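When we follow my numbering, the leftmost residue of the sequence shown carries the number 1, and every step to the right adds one.
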Amino acid sequence: DRYFEDLSTNYVIIDNFQASVDAVEHLLNRGHTRIGLVSYQSELIHFRNRIKGYKEALRKAGINSETKYIREVNYDSFEEEMKKAVRGLIFEDEVEAIFFCTNTLAIEGLKQIFSLGRKVPEEVDVVAFDQTIAYDFFRYTIPHVTQPIKEIGQEAVRILIDQINGETSGATQVCLRAKLEPHPADATKKG
């Protein structure tokens, strides 16, 4: 789900920007206006695009998309930093919802939310980027962005075969749309 801007290579990616817009709009549609974001500290393009998508969704909704509700944690010490990030978003910023930019961050974030005695989605709503089987252990369906893994693989193989057969010149770059798996229809709606 990433590429390097300075390298002209073949790649198949998802539209991280639009997927993040969709995820944040989902929370906005549930009545939330104070929405936090947790990402890794990284200059990788997919993380930058997820943050840009978050800001764009808020901007389109007429909400100041300043960095107040954005927390970036260091990968090497993310458990301790997640504790501070989630605590700060909930107690200092009083966010109503949090968008986690990876499934790993979502799992750790949910652990922190529950350790603070908060209920999901009643007190803190969430949406995550990427699926994980760990979501099955929660009583509540975790809304998340899913990447079209099968299509990514098919496109990658098609590009490789075309290249082997000499049917392409230059880099082939494909951007696919991810899908948001929302709350179930019977989930509690705020507002």
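For glycine and all other residues, C-beta sits at the position ideal for the given N, C-alpha and C.
Quick caveat, the model's predicted, so the values are computed rather than measured.
- Gln-112 is not bridged by DSSP to any residue.
- Using a Cβ-Cβ distance cut-off of 8 angstroms, the region 167-184 and the region 40-51 are not in contact, since fewer than three pairs of beta carbons, one from each stretch, lie closer than that value.
- If you look at Gln-131, you'll find it isn't in any beta strand (DSSP E); DSSP assigns it neither H nor E.
- Contact between the region 128-140 and the region 89-107 is present, with at least three C-beta pairs closer than 8 angstroms.
- Within the region 17-92, the runs of alpha helix (DSSP H) at least 4 residues long that lie entirely inside it are, in chain order, 45-60 and 78-87.
- Nearest C-alpha to Gly-153 among Thr-141, Glu-79, Cys-175 and Arg-71: Cys-175.
- In this structure, Val-12 lies away from Glu-167, with their beta-carbon atoms at least 7 angstroms apart.
- Each residue's CA atom was taken as its position, placing Pro-182 and Ile-159 some 32 angstroms apart.
- If you draw a straight line from the Cα of Val-24 to the Cα of Arg-34, it is about 11 angstroms long.
- Between Ser-42 and the set Tyr-75, Asp-136, Met-82 and Phe-138, the nearest pair of CA atoms involves Tyr-75.
- Apart from sequence neighbours up to five positions away, the residues of its chain that approach Leu-58 with a beta-carbon distance below 6 angstroms are Ser-65, ordered along the chain.
- In the same chain as Ala-61, and ignoring 5 residues on each side of it, the C-beta atoms closer than 7 angstroms to its own belong to Leu-28, in chain order.
- Here Lys-119 carries a coil assignment [DSSP, helix/strand/coil].
- Distance from the CA of Ile-98 to the CA of Ile-164, rounded to the nearest whole angstrom, comes to 45 angstroms.
- Remark: C-beta atoms of Ala-178 and Ile-14 approach each other more closely than 7 angstroms.
- The criterion of a C-beta distance shorter than 7 angstroms is satisfied by Phe-100 and Val-38.
- Contact annotation: Ser-20 and Tyr-54 have beta-carbon atoms nearer than 7 angstroms.
- For Ile-142, there is no enclosing beta strand (DSSP E), as DSSP marks it with neither H nor E.
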